[in-house]
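**Student:**
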Amino acid sequence: MSELQSLMNIFISAAFAQNFVFIRFLALCSFVGMTTSMENAIGMGGAVTFVTVMASILSYVVYQFILVPLHLEYLQTIVFILTIAVFVQLVEIYLKKAVPSLYKAMGIYLPLIATNCMILAVALLNVTENYNLLEATVFSFGASIGYVLALVILAGIRERLKYVQIPSILKGYPIIFFIAAFIAVAFMGLQGIAR
Amino acid sequence: MRNLINIFKNGIIKENPVLIIMLGLCSILAVSTSVVNALGMTLAFSFVLIGSELTISLIRKSIPKTLRVPIFIVVIGSFTTIMSLLLQAFLPDLNKALGIFIPLVVVNCIIIGRVEAFASKRSVIESLFDALGMSVGYGIVIVSIGAIREILGNGTILGYQVFGPNYNPALFFILPPGAFLVIGIEIAIINKILAKPKKVKQEG
Amino acid sequence: MSLMQIIIFSSGIMLGLGIVFGIGLGYFAKIFRVQENPLIDEILEILPGANCGACGFSGCRSLAEGITSGKASIETCRVGGEETVKNLAKLLGVGTDNISYEKYIAIPLCKGGKSLAMKNATVKGVKTCKIANNLKLSEKICTYGCLGYGDCVLVCPFNAIKMNDEGLPEIDPSLCTGCGLCVKECPREVIEIFSYKEKVLAICKNSEKGSAVRNACRVGCITCYVCEKKCPKNAIKMVNNLPVIDIEKCDLCGICINVCPTKTLSLIKALSAKENGKK
Amino acid sequence: MKNSIDILKLGLTLGLVCLIAGFALSATYSITKDKITEQQRKALVQAQKEIFPDATEFKKIEISETKVGSATLKELYECLNESEKLLGYIATASTPGYGGNIIFVLGVNSDFSVKGVKVTEQTETPGLGANIAKSQFLEQFNGKTLNDEFVVKKDVKPVTSATISSRSITNGIKEILNFTSKNVKEASK
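Residue numbers (my numbering), protein chains in the order written: chain A, 2 to 196; chain B, 1191 to 1394; chain C, 3 to 281; chain D, 4 to 192.
What follows is the structure, given as structure tokens:
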């Protein structure tokens, strides 16, 4: 049935074909920073997935039931980012109380999740592609899976970088960007699989 | 006065937002397919950065601690929306070229970073100079990457043919992997210049 | 939708959202208040906040946590100096008498100012010490001395360093806390940390033989061994062509300072900001 | 009690900041509102003028946005010249391409053959797929009618190394042409 097929289509295109990190260049700040170790990457990926899915549902509801009836679509950027920021701050306060170990590991990156480009981009794309609620959730879930995939791939490679000879000039960030370039070529190959 | 110039110079070389502090990469890699786009993005970016840093440092005393992030976000968000409305009205083709990256200026990590680290602690004039320094620093990087990618990937600069008509451009540089490569090279160059050589420890 | 309606609706929605979120955040912050030791924030207020890491902790906040959990004593923070130790003692109700408090400061070991060091080039372009040192862009012949482009000035969180008109850094002992950031920053490691007790020091880093130093700088140490011979307590030993003075043996008689042909040796106490760098 | 006053104060401060922001935004929006709609109209009118140079009036046919196969029809206009004679129809539609949606304007003559095609917006791979927006590729559709096959490599020469983009725009045109000819017949009866 074509309903499920179009949902799968959205999921695959968000996670692989139009990967948010390698093709659309979103959320690079945390991508570069949080991939020093595998559990950092997974911890960050998990939190971002949760926040992205919840934020995209929240912003969909706010958009459809407040902005559209009053024809104030132009407020979408600021209303979305405000809801996302407040939502992330609530998650931060909750994490600090309930799971202090994860809170310590996240360090500076927790408030930066609020400004993670991907979450706002997902909310905005839900509007421009005028998805319904189910499609929007699948889209945000696909996008965050793509993000976690990118984090895990790079974290894996970066952990092995310690045992490898790198020319001194490329030490630190340049080598990471070179690796990202080659992974991006691989992801570009996937671009045709989902319309 | 010297201190202010220092802050301005700081933003360009010593603490270049992109190459040293490694922030704001999303917009740089995505938009720098041509110099015109890069200039447009710098224009939008500096408008929002200067506006936000000034407003935040004006009201920095009266921001309660728990509301710090939401207030920053509302101020930056409103400047971004004003900028995107103005762009849609007066520069429609730039708006189409930059597309989704105009609203994404609000989550540009440099603006949030500078506002939190600098503007919420320093006086208005210092924030102004810091914002100017950062915008120039950001502009230099994005325009240089834009130029490289446009010349190699498209064979044109600002739209004019550079290598003659039958040069088939190395498309690689317009596509996403090229962007990663170019910024990697640029960081390597800056590392080489600014790196402190490991000197042998002198005894005695 | 008339303009007035748009303005009223938008402002109304934003106001509504703002209030709802504000109250939500406040309420949430109250329920999930983490019982953190309030002492940490008080200590953090007293600490200088330079996050320089000289105390071995990864920043003032973790030092504050160390102090509250007893892992660190109150004078671990050298940077804060006497005034921080006193405030911390007052806050924690701990006596300060048994604490031997020693002040450290940073001292630039170079007297070769513009008028004293010989030049073999004039430099145009980016003026930072790192770049000059890296690309060998320095005006002075001496490759050990201070480059004079002020990287240390920028890095000092306490604004204790100023460049004098001789192009040499002057460190104000009252402001300097000995945190060591300038030492790390200087590409030629001209600046070093010393305890601020009275002593004699050789203000030069050039460890080459006399003749090479003589045509590089008028105030460099030309390894003439005069100070080593003349010192009544033979407290001075030449190591790597530079005199090292043994603090215990030296009784600050000052003979070596007067006898030194190039006036490289200086008495630390007298080394106030003004005098440094002049012949 | 003191706590709830604090919370209320927090709410009011954030509310106040948002109010000021909301006011500033709505002020800018009201200034730029008509300018933006005018810009959008201008892009569309310019595309229509290019396809039907001698048409003077574009009457919008009341038709809601409908999904036609994989493409979606956005708007449909009747084009009339000075003497109110029907010249043809203009349809704005979008079809999913390689990189994202391709938005194009299709001009249809009264005998339902293709008058002209213009691509107004696309995010295909720059340098490759983006060439479908160029006129050399689009002009080959002029004059085609329903009984043409609209199949890439057969009667439609694709853009080199961008078969997916060429195929998506080709079948987008085919479906919209098919849809317009069917629906307009009922509408004009």
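Every residue, glycine too, gets a C-beta built ideally from N, C-alpha and C.
1) Comparing alpha-carbon positions, which option in C:Ile69, C:Leu19, C:Thr179 lies nearest Ser197 of chain C?
2) Counting C-beta neighbours from all protein chains within 10 Å, is the total for Leu79 of chain D 16 or more, i.e. buried, or is it exposed?
3) Check distances from the C-beta atoms of the stretch 14-34 of chain C to those of chain D and list, in chain order, the residues that come in under 9 Å.
4) Could you tell me whether any Cβ in chain A is nearer than 7 Å to the Cβ of Phe11 of chain C?
5) Could you check the C-alpha separation between Ala1220 of chain B and Val122 of chain D for me, to the nearest Å?
6) Name the two residues that bound the continuous alpha helix (DSSP H) containing Ala27 of chain D.
7) Please state the DSSP three-state secondary structure of Gly119 of chain D.
8) DSSP on Met45 of chain A, reduced to helix/strand/coil?
9) Considering just the uninterrupted stretch of the alpha helix (DSSP H) at Met6 of chain C, what are its terminal residues?
10) Within 8 Å, do at least three Cβ pairs link the stretch 1201-1219 of chain B to the stretch 1290-1308 of chain B?
11) Note down the Cα distance separating Lys1389 of chain B from Cys57 of chain C, rounded to an integer number of angstroms.
12) Of all Cβ atoms in chain A, is any one closer than 7 Å to the Cβ of Leu1215 of chain B?
13) Are the stretch 1243-1255 of chain B and the stretch 1364-1377 of chain B touching, with three or more C-beta to C-beta distances below 8 Å?
14) Reducing DSSP to helix, strand and coil, say where Cys62 of chain C ends up.
15) Would you kindly work out how many angstroms separate the C-alpha atoms of Ala144 of chain A and Ile173 of chain C, rounded to a whole number?
16) Under a three-way DSSP split, which group does Ser14 of chain A fall into?
17) Shorter than 7 Å from the beta carbon of Val1390 of chain B to some beta carbon of chain C?
18) When we look at the beta-carbon of Leu94 of chain C and count the other beta-carbons within 10 Å, is it buried (16 or more) or exposed?
19) Can you list the residues of chain B that Tyr32 of chain D reaches, using a CB-CB cut of under 7 Å?
20) Output yes or no for whether 7 Å exceeds the beta carbon distance between Tyr106 of chain C and Ile195 of chain C.
21) By alpha-carbon positions, which one of A:Val153, A:Leu191, A:Val186 ends up nearest to Thr37 of chain A?
22) Rounded to whole angstroms, what is the Cα-Cα separation between Leu19 of chain D and Phe34 of chain C?
23) Would you please verify whether the beta carbon of Ile48 of chain C is less than 7 Å from any beta carbon of chain B?
24) At what residue ranges does the stretch 90-150 of chain A contain a whole run of the alpha helix (DSSP H), taking only runs of 4 or more?
25) Taking 7 Å as the cut-off, decide whether the C-beta atoms of Ile135 of chain D and Ser184 of chain D are in contact.
26) Determine, using beta-carbon pairs with one atom in the stretch 126-134 of chain C and one in the stretch 147-164 of chain C, whether at least three such pairs fall under 8 Å.
27) Helix or strand or just coil, what does DSSP make of Lys280 of chain C?
28) Do the CB positions of Lys142 of chain C and Ala119 of chain C come within less than 7 Å of each other?
29) Assign Pro101 of chain A to buried or exposed, taking buried as 16 or more other Cβ atoms, counted over all protein chains shown, within 10 Å of its Cβ.
30) Along chain B, in chain order, which residues have C-beta atoms closer than 8 Å to that of Ala24 of chain D?
31) So, with DSSP's three-state summary, where would you put Val1352 of chain B?
32) Using a Cβ distance threshold of 8 Å, determine whether the stretch 1224-1234 of chain B contacts the stretch 81-95 of chain A, with at least three qualifying pairs required.
33) Can you check whether the C-beta of Gln19 of chain A is within less than 7 Å of a C-beta belonging to chain B?
34) Going by alpha carbons, who is nearest to Thr145 of chain C out of C:Glu210, C:Ala204, C:Val185?
35) List, in chain order, every chain C residue whose beta-carbon is nearer than 8 Å to that of Lys1204 of chain B.
36) Let's see if you can read the secondary structure: which residues bound the alpha helix (DSSP H) around Thr1270 of chain B?
**Tutor:** The answer reads as follows:
1) Indexing the third sequence from 1 puts residue 197 of chain C at position 195. It is C:Thr179.
2) On the fourth sequence, residue 79 of chain D is found 76 positions in, with the first residue counted as 1. Residue burial is scored here from C-beta neighbours: Leu79 of chain D has at least 16 other C-beta atoms within 10 angstroms and is therefore classed as buried.
3) Of all residues in the stretch 14-34 of chain C, Gly14, Ile15, Met16, Leu17, Gly18, Leu19, Gly20, Ile21, Val22, Phe23, Gly24, Ile25, Gly26, Leu27, Gly28, Tyr29, Ala31, Lys32 have a Cβ within less than 9 Å of some Cβ in chain D.
4) Residue mapping note: residue 11 of chain C aligns to position 9 of the third sequence, counting from 1. It does: the Cβ of Phe11 of chain C has a partner Cβ on chain A nearer than 7 Å.
5) Locating residue 1220 of chain B in the second sequence gives position 30, where the first residue counts as 1. Locating residue 122 of chain D in the fourth sequence gives position 119, where the first residue counts as 1. Approximately 23 Å between the Cα atoms of the pair.
6) Here residue 27 of chain D is taken as the residue at index 24 of the fourth sequence, counted from 1. Run containing Ala27 of chain D: 5-54, per the alpha helix (DSSP H) assignment.
7) The residue labelled residue 119 of chain D in the question sits at position 116 within the fourth sequence. Gly119 of chain D falls in the strand class under three-state DSSP.
8) Counting from 1 along the first sequence, the entry for residue 45 of chain A is found at position 44. Of the three classes helix, strand and coil, the one that applies to Met45 of chain A here is helix, per DSSP.
9) As a first step, residue 6 of chain C must be located in the third sequence, where it is residue number 4. Segment 5-33, the alpha helix (DSSP H) holding Met6 of chain C.
10) Cβ pair count under 8 Å is three or more, so yes.
11) Along the second sequence, read from residue 1 onward, the residue named residue 1389 of chain B stands at position 199. Along the third sequence, read from residue 1 onward, the residue named residue 57 of chain C stands at position 55. In this prediction, Lys1389 of chain B has a pLDDT of 42, which is less than 50 and means its spatial position is unreliable; nothing more can be read from the coordinates.
12) Taking the second sequence and counting its residues from 1, the one referred to as residue 1215 of chain B is at position 25. So, interface residue.
13) Touching, no.
14) The residue given as residue 62 of chain C occupies position 60 in the third sequence. Cys62 of chain C: helix per DSSP, three-state reduction.
15) Counting from 1 along the first sequence, the entry for residue 144 of chain A is found at position 143. Counting from 1 along the third sequence, the entry for residue 173 of chain C is found at position 171. In this structure, the straight-line span from the alpha carbon of Ala144 of chain A to that of Ile173 of chain C is close to 54 Å.
16) Taking the first sequence and counting its residues from 1, the one referred to as residue 14 of chain A is at position 13. If DSSP states are grouped into helix, strand and coil, Ser14 of chain A belongs with the helices.
17) Here residue 1390 of chain B refers to the residue found at position 200 of the second sequence. Residue placement at Val1390 of chain B is flagged as unreliable, the pLDDT there being 37, under the threshold of 50; the coordinate-derived value follows with that caveat. Answer no: the Cβ-Cβ gap between Val1390 of chain B and chain C never drops below 7 Å.
18) As a working mapping, residue 94 of chain C is identified with position 92 in the third sequence. When all chains shown are included, Leu94 of chain C counts as exposed.
19) Taking the fourth sequence and counting its residues from 1, the one referred to as residue 32 of chain D is at position 29. Ordered by position in chain B, the residues that pass the 7 Å Cβ test against Tyr32 of chain D are Leu1275.
20) The residue you call residue 106 of chain C lines up with position 104 of the third sequence. The residue you call residue 195 of chain C lines up with position 193 of the third sequence. Pairing Tyr106 of chain C with Ile195 of chain C gives a Cβ-Cβ distance under 7 Å.
21) One-based indexing of the first sequence puts residue 37 of chain A at position 36. Out of A:Val153, A:Leu191, A:Val186, A:Val153 has the C-alpha closest to the C-alpha of Thr37 of chain A.
22) Mapped onto the fourth sequence, residue 19 of chain D falls at position 16. Mapped onto the third sequence, residue 34 of chain C falls at position 32. Whole-angstrom Cα-Cα distance: 25 Å.
23) Here residue 48 of chain C refers to the residue found at position 46 when the third sequence is read from its first residue. Chain B, which has no Cβ nearer than 7 Å to the Cβ of Ile48 of chain C, makes this no.
24) Residue ranges of uninterrupted alpha helix (DSSP H) with 4 or more members, entirely inside the stretch 90-150 of chain A and ordered along the chain, are 101-107, 110-115, 118-129.
25) Reading the fourth sequence from its first residue, position 132 is the one you call residue 135 of chain D. Reading the fourth sequence from its first residue, position 181 is the one you call residue 184 of chain D. The beta carbons of Ile135 of chain D and Ser184 of chain D sit no closer together than 7 Å.
26) Output reads yes: the stretch 147-164 of chain C touches the stretch 126-134 of chain C.
27) Looking up residue 280 of chain C in the third sequence gives position 278. Reliability of the predicted coordinates at Lys280 of chain C is poor, the pLDDT of 37 falling under 50, and the value obtained from them is presented with this limitation in mind. Here Lys280 of chain C sits in coil by DSSP.
28) Start at 1 with the first residue of the third sequence, and residue 142 of chain C comes out as number 140. Start at 1 with the first residue of the third sequence, and residue 119 of chain C comes out as number 117. Their beta carbons are under 7 Å apart, which means Lys142 of chain C touches Ala119 of chain C by this criterion.
29) As a position in the first sequence, residue 101 of chain A is number 100, starting the count at 1. Burial state of Pro101 of chain A is exposed, judged by a 10 Å Cβ sphere holding fewer than 16 other Cβ atoms.
30) Reading the fourth sequence from its first residue, position 21 is the one you call residue 24 of chain D. Correct list: Val1264, Val1265, Gly1267, Ser1268.
31) To locate residue 1352 of chain B, count along the second sequence from 1; it is residue 162. Collapsing the DSSP output to three states places Val1352 of chain B in coil.
32) Contact fails between the stretch 1224-1234 of chain B and the stretch 81-95 of chain A, because fewer than three Cβ pairs, one in each stretch, are under 8 Å apart.
33) Working through the first sequence from its first residue, we reach residue 19 of chain A at position 18. Not closer than 7 Å to any Cβ of chain B, the Cβ of Gln19 of chain A fails to qualify, so no.
34) Your numbering for residue 145 of chain C matches position 143 in the third sequence. Across the set C:Glu210, C:Ala204, C:Val185, the C-alpha of C:Glu210 shows the shortest separation from the C-alpha of Thr145 of chain C.
35) Taking the second sequence and counting its residues from 1, the one referred to as residue 1204 of chain B is at position 14. Scanning chain C for C-beta atoms nearer than 8 Å to the C-beta of Lys1204 of chain B yields Thr130, Leu156, reported in chain order.
36) Mapped onto the second sequence, residue 1270 of chain B falls at position 80. First-last of the alpha helix (DSSP H) with Thr1270 of chain B: 1258-1280.
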